[in-house]
C-alpha cells in the first residue's frame, strides 16, 4: 500500500491519473487501513462497555430497596463522576480511540441510569418520552468530544427510539427528533468525507435512512389518507 501511495505523485506528473483519482485512492486505502485490526478491538471493547454499563444498572436495581436515600444518592453520583473523569482523561491525554469509545459508552449509560435513579429517589414525575429526550440531549456532545462512532450509533438509535415512543405510543409528533438528527448530520458528513469507503461509514449509510423510514409515520398523525 505504501508503495502505491508513494507512486501517486509520479503518476500524476505523467498524466496517467488525475489529482482527484489520486485523492480517491488515498481515501480508499485510509479507510481500508482503518477497518483492519482496530475495528475488531473497537467493536468488542464497545460491546464489553455496554455489558458492563447494563450490569451496573442491574446490580443497583437488584439491591436498590436495601439502601438509604443518602447511600442511593452517593451510588448515583460516584459512577457518574468516575465516568466523567475517565472521559475527560481520554480527551485531554488524547488516548486511543478504543479508550475513548469505552469511556464514552460507560458515561452514556451512566447518565441514563443516573437520571432514572434520581427521579426514583426523589419521586420526580416523568414519562419514557421525556426521559429518553433528556438522556439523548445530555449525551449528544459526547460523540463530538470523543469523536466516537459508537456513541454516534447510540445517539442515532436512541433518538429513533424516542421518536417511536413519542409518535406511535404517545401520539405526539416528535419534533425534537429532527433537532437531534440535525446534531448527528455534521458527524455523519465528516465521516462520509474522510472515510467514504469504510465499513463503519457503510453502517451509517444504512442506519441513517433506516431511522428516517422508521420515524416517518410518527409525523403523520392525523393524516391517515396520505
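Numbering (my numbering), first residue to last: 4 to 229.
Virtual Cβ for every residue (Gly too), placed ideally from N, Cα, C.
As the structure is a computational prediction, the values presented were derived from the model and not from experiment.
Between the stretch 142-155 and the stretch 100-107 there are three or more C-beta pairs closer than 8 Å, enough to call the two in contact. Between residue 215 and the set 202, 117, 170, the nearest pair of CA atoms involves 170. By the Cβ criterion, the stretch 126-144 is not in contact with the stretch 89-99, since fewer than three pairs of Cβ atoms, one from each stretch, lie closer than 8 Å.
Residue 113 and residue 29 have their C-alpha atoms spaced approximately 39 Å apart. Residue 158 carries a helical assignment under DSSP once its states are collapsed to helix, strand and coil. Remark: three or more beta-carbon pairs, one from each stretch, lie closer than 8 Å, so the stretch 66-86 and the stretch 117-127 are flagged as touching.
Going by DSSP, residue 175 is part of no alpha helix (DSSP H) at all; its letter is neither H nor E.
Separation of the CB atoms of residue 174 and residue 158 is rounded to 25 Å, and the pair is thereby denied contact status at 8 Å. The Cβ atoms of residue 166 and residue 221 lie closer than 8 Å to each other. Contact between residue 124 and residue 75 holds: CB atoms are separated by about 5 Å, below the 8 Å threshold. The beta carbon of residue 163 sits closer than 7 Å to the beta carbons of 214, 217, 218 from its chain, once the five residues preceding and following it are set aside; these are given in chain order.
Looking only at 207, 153, 143, the smallest Cα-Cα distance to residue 179 is reached by 143. From the listed residues 83, 102, 201, the smallest Cα separation to residue 141 is found for 83. The beta carbons of residue 192 and residue 204 sit no closer together than 8 Å.
For the options 211, 71, 102, 73, the alpha carbon positioned closest to that of residue 181 is the one of 211.
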